[in-house]
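Asker: Position 24 of the sequence shown, counting from 1, maps to 24 under the UniProt record's numbering, and the rest follow consecutively.
Structure in structure tokens, see below.
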Amino acid sequence: MDIQISSFIIVQKDYWHNKSDNSPIYYLKDWHLKLQCRNSPFYDVPIHFASDWLNEYFLQCLDDDYRFVYMGPKGSWTPLHIDVFSSYSWSVNVYGNKRWVFIPPNKEQNLKDNLNNLIYNIDDISTFKDYIEVMQEPGDAIFVPTGWFHQVWNLQDTISINHNWINGCNIESVWHSLKQTLGNVEREIMDCKDMQNFEEHCQAMLKSLFGMDYYTFYNMIACIVHNRIAGLSDPSKRKLFHGYTIGINHILFDLKKCSEVLQMFVECDYIKKTSYFTEVKKDIYQIKEVLSNNT
């Protein structure tokens, strides 16, 4: 549920003062504190996680972000899940301890019920042992790779900073997950294939299920291409939203990855059916020309 942070704090104070075994436990998630306090440098992004196309695009073009603060009491937890967009994520504990359980890719089939739904709590299957368990203490950073299911428990009252992020190292995996999800959507409503604007309905469902549609995906790539090409000719454009500055090799790497994924994008069936993505081939040509002139 959505509540004001002030209301959550009131509820938590009451919980801490009057808690019992029957007291409900509330967990504050997805608080866009960094977005709300744009000019307050209360934390720095670890340099290992600095290449972040997702938040670069969302902040620049949509005035939104995937940077969150989580705050929960001892006993609160996050069910087994995979991160939005099949993105990377990182999490740093500011206060408290957490227990993480990670399921390697392609092992999750063993964690589905008779209706093929993913289980809610891995502890419900005591015989399943094919996982990695990590205890996170204050100051520890956890990196969650693309495609890894995970579940998290707060062992103490806990505050953490969490980012979802995408960059040149996982953009191809994100694209394949996006395309696969669209295929699943189309199969589910294949009996409606003859309806007007069938493809657009599929994109709307894709965005609801995956978090983004083909339009958002392309616009993100186009934003990164524009920014990186600008950075080649103007050093002042190499400074990213969190303060880090990227070098020429990083720019060229990003452009190469954008070119590769745009080539996959333009060759898929959906793109061939629509007139919206007329600029994709021009983008690919421009990137290749830039790379040729800078290598």
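Each residue gets a CB set at the ideal place from its N, CA and C atoms; glycine is no exception.
Small disclaimer: the values here were computed from a predicted structure and weren't measured.
If you scan the UniProt domain "JmjC" (34-182) from start to end, which runs of the beta strand (DSSP E) of 3 or more residues do you find wholly inside it?
Answerer: As far as the UniProt domain "JmjC" (34-182) is concerned, its whole beta strand (DSSP E) runs of at least 3 residues are 67-72, 77-81, 88-95, 98-103, 132-136, 141-144, 149-154, 158-165.
Asker: Just verifying my parser: in three-state terms, what is the DSSP assignment at K282?
Answerer: K282 falls in the helix class under three-state DSSP.
Asker: Taking its Cβ as the centre, do 16 or more other Cβ atoms sit within 10 Å of Q203, making it buried, or is it exposed?
Answerer: Buried, because 16 or more other Cβ atoms sit within 10 Å of the Cβ of Q203.
Asker: Round the Cβ separation of I166 and F85 to the nearest angstrom and send it over; I've been treating them as touching at under 8 Å.
Answerer: That pair is a contact at about 7 Å.
Asker: Taking three-plus beta-carbon pairs below 8 Å as touching, is the region 192-202 in contact with the region 66-79?
Answerer: Result no; under three Cβ-Cβ pairs closer than 8 Å.
Asker: Assuming P73 and Q4 make a contact with CB atoms under 8 Å, what is their CB distance in whole Å?
Answerer: With a Cβ gap of about 18 Å, P73 and Q4 do not count as contacting.
Asker: With a threshold of 16 other CB atoms inside 10 Å of the CB of I125, please say whether the residue is buried or exposed.
Answerer: With fewer than 16 other Cβ atoms within 10 Å, it is exposed.
Asker: Can you find the residues in the same chain that come closer than 6 Å, C-beta to C-beta, to R228, ignoring five residues on each side of it along the sequence?
Answerer: Excluding residues within five positions, the ones whose Cβ falls inside 6 Å are I251, D254, L255.
Asker: Can you find at least 3 beta carbon pairs, one from the region 105-113 and one from the region 41-60, that sit closer than 8 Å?
Answerer: Contact fails: fewer than three Cβ-Cβ distances are below 8 Å.
Asker: For the beta strand (DSSP E) that contains L28, what are its first and last residues?
Answerer: Taken as a continuous stretch (DSSP letters only), the beta strand (DSSP E) holding L28 covers 28-31.
Asker: What three-state label does DSSP hand N239 in the structure shown?
Answerer: According to the sequence as given, residue 239 is Lys; it is not Asn. Note: K239 maps to strand in three-state DSSP.
Asker: Classify F143: buried if its beta carbon has 16 or more other beta carbons within 10 angstroms, exposed otherwise.
Answerer: By the 10 Å Cβ count, F143 comes out exposed.
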